[in-house]
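Colleague: One structure follows; several queries about it will come next.
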Amino acid sequence: MLETIAQPSARIIGVVGDVRIHGPEYDVRPEFYYLYGQADAKRAGPMRIVLRPRMAAMLSSERLRQIAQGLGPTVLVGSVQFSTEDVDQVTVTPRHRTLLLSLLGALGLVLTLVGIFSMTAYTVARRTQEIGIRMAFGARASDVVRAMVRDAAWPAFVGLSMGLLGALYETRILASFLFETTPHDPATFAAVAALMSAAALVAAWVPARRAAQVDPVIALRAE
């Protein structure tokens, strides 16, 4: 049973899902629906009628307006619009905001990947002389490359762990911009972590493999 100040108790005959009538960025508020004929004078007001025509010819806004005005001389039709237009009006601001945040996030991700690749490749390239010494003492090229990649993977793992912890904390700010998506989306975190890990490993593997293929004497003379 439902009872309010404006009207006596009413019987609840069904429960429907949540409706974000004001837009996806607004929280769901408690609402109840009742027949228009049962509304009192204070609650009576403009109505929004949703139609699903069976015939394509009835999809014209002018045709729908004529049908509505034919119900009686007291019927006033404010505006007629398709559901897609109504949804676009409600979601235009969140959509633009999401696009801007996505572009900024993609730019930040690209810059991060470039930075990780450049710094890792530079660090490994500076160890060319060390690679030559290992090769001169009989180390195999595959072992040298594996050691370089392993040494580069450790700082990348530490940096990635710190970045993920910081992201888990900062994503609370984005919670109000998301709809039916949690800020701690596992797929997003896994994809970003995989990209950064791949960038660090490839950046270490390429110069290490190149240096391991050089003659040890030439590698020893490298500055």
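If you want our numbering, it's the 1-based position in the sequence shown plus 22. Just so it is clear, CB atoms sit at the ideal spot from N, CA and C, and this is done for glycine as well.
Straight-line CA distance for A226 to V146?
Modeller: Between A226 and V146, the C-alpha separation is close to 6 Å.
Colleague: Residues in its own chain within less than 6 Å of R156 by CB, not counting five upstream and five downstream?
Modeller: So the list reads V166, once near-sequence residues are dropped.
Colleague: With distances taken from CA atoms, which of T106, F54, T134 is nearest A220?
Modeller: Ranking the options by Cα distance to A220, first place goes to T134.
Colleague: Nearest-angstrom Cα distance between A163 and R231?
Modeller: About 8 Å.
Colleague: Would you report the Cα separation of L129 and A169, rounded to the nearest angstrom?
Modeller: For L129 and A169, the distance between alpha carbons rounds to 32 Å.
Colleague: At what residues does the alpha helix (DSSP H) containing H118 begin and finish?
Modeller: Segment 105-147, the alpha helix (DSSP H) holding H118.
Colleague: Can you find the residues in the same chain that come closer than 6 Å, C-beta to C-beta, to L86, ignoring five residues on each side of it along the sequence?
Modeller: Counting only Cβ-Cβ distances below 6 Å, and skipping sequence neighbours, we find V102.
Colleague: Which first and last residues belong to the alpha helix (DSSP H) in which I71 is found?
Modeller: Run containing I71: none; DSSP gives neither H nor E here.
Colleague: Quick check: what's the CA-CA separation for S124 versus F211?
Modeller: Computed Cα separation, rounded: 15 Å.
Colleague: Over what stretch of residues does the alpha helix (DSSP H) that includes P177 continue unbroken?
Modeller: Its alpha helix (DSSP H) spans residues 163-192.
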